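Have a look at the structure below before the remarks.
Protein chains: 4
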Amino acid sequence: MSKPLNIGLIGCGFMGRAHSNAYNQVSHFFDLAYRPVLKAVCARNAESAQAFAARWGYETVETDWKKLITRKDIDAVDICVPNNLHHEIAIAAAKAGKMVLCEKPLSMNTAQGREMITAVEEAKVPNMVWYNYRRVPAVTMAKHLVDEGKLGRIFHYRAVFLQDWTISADLPQGGTALWRLDASAAGSGVTGDLLAHCIDTALWINGGIDSVSAMTETFIKERKSNLTGKVEKVGIDDACAFLARFNNGSLATFESTRYARGHKALYTFEINGEKGSLKWDLHDLHRLQMFDHNDESRLRGWKSIHVTDHGGEHPYMDKWWVPGLQIGYEHSFTHQVADFLQGLETGKPAGPTFRDALETQQVCDAVLASAQEGRWMKVQ
Amino acid sequence: MSKPLNIGLIGCGFMGRAHSNAYNQVSHFFDLAYRPVLKAVCARNAESAQAFAARWGYETVETDWKKLITRKDIDAVDICVPNNLHHEIAIAAAKAGKMVLCEKPLSMNTAQGREMITAVEEAKVPNMVWYNYRRVPAVTMAKHLVDEGKLGRIFHYRAVFLQDWTISADLPQGGTALWRLDASAAGSGVTGDLLAHCIDTALWINGGIDSVSAMTETFIKERKSNLTGKVEKVGIDDACAFLARFNNGSLATFESTRYARGHKALYTFEINGEKGSLKWDLHDLHRLQMFDHNDESRLRGWKSIHVTDHGGEHPYMDKWWVPGLQIGYEHSFTHQVADFLQGLETGKPAGPTFRDALETQQVCDAVLASAQEGRWMKVQ
Amino acid sequence: MSKPLNIGLIGCGFMGRAHSNAYNQVSHFFDLAYRPVLKAVCARNAESAQAFAARWGYETVETDWKKLITRKDIDAVDICVPNNLHHEIAIAAAKAGKMVLCEKPLSMNTAQGREMITAVEEAKVPNMVWYNYRRVPAVTMAKHLVDEGKLGRIFHYRAVFLQDWTISADLPQGGTALWRLDASAAGSGVTGDLLAHCIDTALWINGGIDSVSAMTETFIKERKSNLTGKVEKVGIDDACAFLARFNNGSLATFESTRYARGHKALYTFEINGEKGSLKWDLHDLHRLQMFDHNDESRLRGWKSIHVTDHGGEHPYMDKWWVPGLQIGYEHSFTHQVADFLQGLETGKPAGPTFRDALETQQVCDAVLASAQEGRWMKVQ
Amino acid sequence: MSKPLNIGLIGCGFMGRAHSNAYNQVSHFFDLAYRPVLKAVCARNAESAQAFAARWGYETVETDWKKLITRKDIDAVDICVPNNLHHEIAIAAAKAGKMVLCEKPLSMNTAQGREMITAVEEAKVPNMVWYNYRRVPAVTMAKHLVDEGKLGRIFHYRAVFLQDWTISADLPQGGTALWRLDASAAGSGVTGDLLAHCIDTALWINGGIDSVSAMTETFIKERKSNLTGKVEKVGIDDACAFLARFNNGSLATFESTRYARGHKALYTFEINGEKGSLKWDLHDLHRLQMFDHNDESRLRGWKSIHVTDHGGEHPYMDKWWVPGLQIGYEHSFTHQVADFLQGLETGKPAGPTFRDALETQQVCDAVLASAQEGRWMKVQ
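Chains as they are written, first to last, in our numbering: chain W, 1 to 380; chain D, 381 to 760; chain Y, 761 to 1140; chain X, 1141 to 1520.
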């Protein structure tokens, strides 16, 4: 029989749902030594917390996270609150001896991130950051192919994360629903929200970034605040693009915006190597495009691999249905929980750990500094 | 609080998993008056049944379906066993006063189907057949658009369901895993397994079929039987294609095969009307392609609608994530459960009911007869 | 120096332009022993003929084709007039000892076609029918790949040619511009105009067809005639679909219509074999889609080959630009002229000859008879 | 009758062919007051020049361009030689009173370009630079749509031009065939060769660029020289990427490389505005992708417009075939000649003139300086 792992979830917004679903689903589809138990959910508003608990099956409810992290029946604390709260909660949870699973980005900045790492490493508690896109099967397979050397020496990497949901000047900023538009809660705009995903994947697949040159823009300068009811200056970046040089000598372009009309969540990346290339697109997340220069010359072309085969060939897909039948966005979280649980079993922690995720934070900081100062910055 | 609806599931294969998942998930994402309770699962092999119950949370286990259908604590019987067993179980369950949810195709033939309808209608029990693809959001939206008259008069319908998993002559037939290749268990090959889906969608969207001209083929004539261990004649159709005339005057082509190298589960349909056209493909199930002749002339083209918006605009998607983020194959079952439960609440049964599904059976029978006799057949 | 081949063109409509362009262009891009010389163009209307001659560089003009075909300075007669005139002109030209290049379809029916073959074969004159799509580089490469056995045993072939330009009931029929809608001039509707192309390619790539079951439809039953000014019955087929069995045991579906809203000239074919599959689409004519089952299992997928490489690897493309840069529709005619001229040089005639093209005629006749009689027909 | 315009072509390489074809074709397809006459071709090697003249129909041959530009029977000089020769020839031709058509990029640098502008403007001779991609019908239509305000305020522009033909370290540099890899002949690598095209289109569609931050890389540092036979340092940029801010406030990323495995000539651009977005790709040059935010909300999506309609709706396409049938790369030059000739007739010069093209040169200079100095540069 599998061993219970008692989860205490803090925050019951969009990410709270995604994580709760993952905890529920993982034991239906994966055979693991541990099974998550939904022990407690915490939200400031008791009613919300209770409704959430009823829907997802949490056994108990808390309204004060400080109480939750000290409960003896909690093994792991999952932080699903705005970015400005990650630091305090994560450190407190680690000090309380809990495993810590933290939503991305890790922190508001590198300095905070370092303190969080110190906390979890001193406490020796398992820790993880929810960069979920690593566990989309096609993305995981891209990582495998690069690691196997299928692309050879890498020359280029390019990634975008394009959305269009903030174009209207009538959209307000801040508050529970729109804290991502509030710099004090989110830290930054698209850089921390969207580019952080692109950077995490890039670092994972293509190694470290040496230096960046960035530009940011805030197209709508003022918006009504949901907190004050007044029109206030917008503090976040609506768009950010940067050039980068990786440590392996490859060149990269990264771009994110919420002003690319027609794109809902167009996260794409492409990587070009001496022997081949790969492309992926979140909108059709099962398709990994591959160009293999080893193919017979006249028959070379971009191949659309529908990453849905079972039998162990396509990552994670042996757990689901049959070839051709898709899974969705939320399954990336289920896979991440599965890997986290397996990490507990094997002792090899599933990434990205806090330490892994710090590197993304360092790049984000360099990007924002580069944009502000208008010059190339080393990542440090 | 929602009312429990106690489910008794018969069969714990692929479809048993898909349905169990749907029962579990529906209450997490939909707000409904009823909530499914996994009361009992039935399989001949007690060990399999117990393992399945443990994984999915069924409270009890049965090994004899006749016992299951008489249990007082069961409200609805869900039939997930090979086609040749649907008839007997469904009639018995109806007679026992249970709601009946039956996997597709409804029956081995039209005659059986009629008896099953009589049973559920005499017993006045809610009933449904699991033609799940109706509830892929893009397919549901196609139905809405045609019903609204966006395409105007319909001229053409074409559908294929192409697979390639039986090309190897070494693949055996029959037994638990491969009953779909055994004519005595499945009734037919691709016609009942795959074309039945295409026909169900077509009838739903484009109305009744008047007549058909079909051909079938069995490419590999003999295969080793998993039941007898001997090489035996293959009784099923490996491929089937047919021409059809719909009652509304439109023409159609339908084709299915398990010998189309390169296609895992390529279910596509296209419908051409006076004012516009629609296309859909299971391999990229969120994309509904639309051509709208009302567009400005020079700007006309096929539009790829990523059916993932919330806010009620894209069917079912307000229950899931945010625009651009996908759901998968299994969600179509979750939607079907949600609609079934809502049907109980509103008294308007969710389709396809047994009666609706009979029409698909009639077309399948006409198709198989046409292929055998080599002539056009009326659907009756 | 190359030898002149004096061309006499009959008809200066759409096809007259396409052929004239090919005669002009071939010597710019191909190195051949013969070069076409635009000696004379013939049209009933002298003014039209003169304007056409001035534009394209024809040296002289005729208004009576009977005169043109007896001119001593004409080596080859090119027939670009409506289908009902092919038979008489081709036979007369052959008897006059001229090479004959005839627009497709060869004739109004098989009987006419046989007489035309007798004429050119008795006269021993080179002859060819303009099924130009064989010479789209991606189509030619498809033929090569099948001939090399890259697909292995063939199971399925499917082709469509979908248009939407006759949906309006206000479109008249007949006359110079719209003779394709006049059964007396065209012989049939989409069958001879569009399906003939699909059938030619299919026979070329996949061998002979044994039998067919077809249906046709005329959606708009009456249209104003450009000839009489009156509303008259429409004699052509607006749509035609048929099932076919090839001699090699493979199954096929074919469909053509001018009522498929959203498709301008969607000629597509797909062929599925044991080892691989191919797909092509006229709308993106440089792309040959290939699935190769020999690829490493997890990396299998449909590959989009952009057939634009030079160096002899991609058919004809060494004559044009550089990889990635496209050629267009008209180049297929240029290639056909090049192959015809090379055939003169080598003595191996370029196909399809009249004899080759008769086979397409036979299939068309069987298709039309099958549709009329409502039963399967052998091709004979 | 149309008036002759006598062309003197200098250089008979790839571009010499493309231009000669355009001069030949334009009168077949366009009705214009002027018709180009192929009067003379000039190349250092007399044999090459004669063979070229024979193939394309040039009446005479020269081996010294200085002689050609003074011939009285030459109206227009077309410069198709490496970039380092543009300046001298163009100025001399202008001084000789000839119209000047110059291959792109205009010059080796901005300073040269200014002198060339002075020369043609003082001489009052019509002048044009062959940025041919403006005349791909889909690109022209993109320009029209932006000018009409269909996209509203522009937020983003992104363009890439990706190739992969220089990845092999065995490829030599320099000489007739590979002068594009020789910095002394080409001025720069991908920046002048490929990015110049992207920049020309961008400036045309989206207006001027204010400032850039660029990086370049030379992946293979040394190659054998075709001129000296020795291994020498590579002077060109293999790859270049830059960030840009347009004068209209929009942000842009540009990238070009010859090390993007799998891309033959992937020139793509995308432009995002408040009301809509456009995308284009040279590999499928007839397809303009458009997203129109004015579409009914639930039906919004990217539309693939196959820009092949006649009737004046799709730029230039009324001159060619019928809807759905493609033209190719070389037709963009034919269109440019047609527009140039029409400009002579109307007095409104067709762009890009030398003055227009200087702006692209200024951006290229800023890009190269930015990359060298590692900082943002104003375009000036």
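Using N, Cα and C, we set each Cβ at its ideal position, and we do this for glycine too.
Keep in mind that this is a model prediction, so the values were computed, not measured.
Residue nearest to residue i in terms of C-alpha spacing, selected from the options
| i | options | result |
| --- | --- | --- |
| Thr308 of chain W | D:Asn464, D:Cys482, D:Asp664 | D:Asp664 |
| Arg25 of chain W | D:Val406, D:Ser407, D:Asn401 | Residue identity differs from the one stated: residue 25 of chain W is Gln in this sequence, not Arg. When each option's Cα is compared against that of Gln25 of chain W, the closest is D:Asn401. |
| His779 of chain Y | Y:Arg1115, Y:Gly1134, Y:Val1097, Y:Leu1104 | Y:Val1097 |
| Lys1443 of chain X | X:Leu1428, X:Gly1451, X:Glu1288 | X:Leu1428 |
| Thr1358 of chain X | X:Gly1464, X:Gln1512, X:Gly1153, X:Gly1292 | X:Gln1512 |
| Pro517 of chain D | D:His536, D:Gln722, D:Ala737, D:Ser712 | D:Ser712 |
| Pro1144 of chain X | X:Ala1193, X:Phe1154, X:Asp1213, X:Glu1187 | X:Asp1213 |
| Ala1509 of chain X | X:Asp1435, X:Thr1356, X:Gln1482 | X:Thr1356 |
| Ser808 of chain Y | Y:Gly771, Y:Trp925, Y:Thr1094 | Y:Gly771 |
Opening and closing residue of the beta strand (DSSP E) in which residue i lies
| i | result |
| --- | --- |
| Tyr1198 of chain X | Segment: none, Tyr1198 of chain X is in no beta strand (DSSP E) and carries neither H nor E. |
| Met479 of chain D | 479-482 |
Whole-angstrom distance between residue j and residue i, CA atom to CA atom
| i | j | result |
| --- | --- | --- |
| Leu344 of chain W | Cys80 of chain W | 21 Å |
| Asp835 of chain Y | Asn766 of chain Y | 5 Å |
| Lys1518 of chain X | His1046 of chain Y | 41 Å |
| Thr1368 of chain X | Asp1218 of chain X | 30 Å |
| Ser973 of chain Y | Gln872 of chain Y | 23 Å |
| Ala803 of chain Y | Cys958 of chain Y | 30 Å |
| Gly175 of chain W | Lys224 of chain W | 11 Å |
| Ser1390 of chain X | Phe161 of chain W | 17 Å |
| Ser971 of chain Y | Phe622 of chain D | 14 Å |
| Thr900 of chain Y | Pro1075 of chain Y | 7 Å |
| Ile1376 of chain X | Val1507 of chain X | 14 Å |
| Tyr1163 of chain X | His1475 of chain X | 10 Å |
Run of the alpha helix (DSSP H) containing residue i, from where it starts to where it stops
| i | result |
| --- | --- |
| Met1268 of chain X | No alpha helix (DSSP H) contains Met1268 of chain X, which is instead part of the beta strand (DSSP E) from 1267-1269. |
| His847 of chain Y | 846-855 |
| Ser1167 of chain X | 1154-1169 |
| Asp147 of chain W | 137-147 |
| Val41 of chain W | Careful: Val41 of chain W lies outside any alpha helix (DSSP H), inside the beta strand (DSSP E) at 34-42. |
| Ile877 of chain Y | 870-883 |
| Trp445 of chain D | 445-448 |
| Ala1506 of chain X | 1494-1513 |
- Could you tell me which uninterrupted beta strand (DSSP E) segments, each at least 3 residues in length, are contained entirely in the stretch 566-650 of chain D, listed from first to last along the chain? 589-597, 602-604, 611-613, 619-626, 631-637
- Taking only beta carbons into account, state which residues of the stretch 932-964 of chain Y come closer than 9 Å to chain D, listed in chain order. none
- the stretch 224-247 of chain W: positions lying closer than 8 Å to chain X by Cβ: Hits within the stretch, in order: Ala239, Ala241, Phe242, Leu243, Arg245.
- Item | Under 8 Å (Cβ pairs) to chain W, residues found in the stretch 1414-1428 of chain X | Going along the stretch 1414-1428 of chain X in chain order, one finds Glu1414, Lys1415, Gly1416, Ser1417 with a Cβ nearer than 8 Å to chain W.
- Query: Going along the chain, which residues of the stretch 1432-1448 of chain X sit with their C-beta nearer than 7 Å to a C-beta in chain W?
  - Reply: His1433, Trp1442
- Item | Members of the stretch 1397-1411 of chain X near chain W, C-beta cut-off 9 Å | Thr1397, Tyr1399, Ala1400, Arg1401, Gly1402, His1403, Glu1410
- Query: What are the residues of the stretch 1073-1090 of chain Y that lie near chain X, defined by any Cβ-Cβ distance shorter than 9 Å?
  - Reply: Trp1080, Trp1081, Val1082, Pro1083, Gly1084, Leu1085, Gln1086, Ile1087, Gly1088, Tyr1089, Glu1090
- Message: To be precise: take each residue of the stretch 41-74 of chain W, compare its Cβ to all Cβ atoms of chain B, and keep it if any distance is under 7 Å. Which residues remain?
- Response: No chain B appears in this structure, whose protein chains are W, D, Y and X.
- Message: Using a Cβ-Cβ cutoff of 8 Å, what residues of the stretch 476-505 of chain D are near chain X? List them in chain order.
- Response: For the stretch 476-505 of chain D, which is checked against every Cβ of chain X, not one residue is closer than 8 Å.
- Looking at chain X, which residues of the stretch 766-786 of chain Y have a Cβ within less than 9 Å of any of its Cβ atoms? Listed by position along the chain: Phe774, Arg777, Ala778, Ser780, Asn781, Asn784, Gln785.
- Name the residues in the stretch 358-379 of chain W whose C-beta lies less than 8 Å from a C-beta of chain X; which are they? Gly374, Arg375, Trp376
- Item | Entirely enclosed alpha helix (DSSP H) segments - the stretch 312-336 of chain W, minimum 4 residues | Taken in chain order, no unbroken stretch of alpha helix (DSSP H) lies wholly in the stretch 312-336 of chain W with a span of 4 residues or more.
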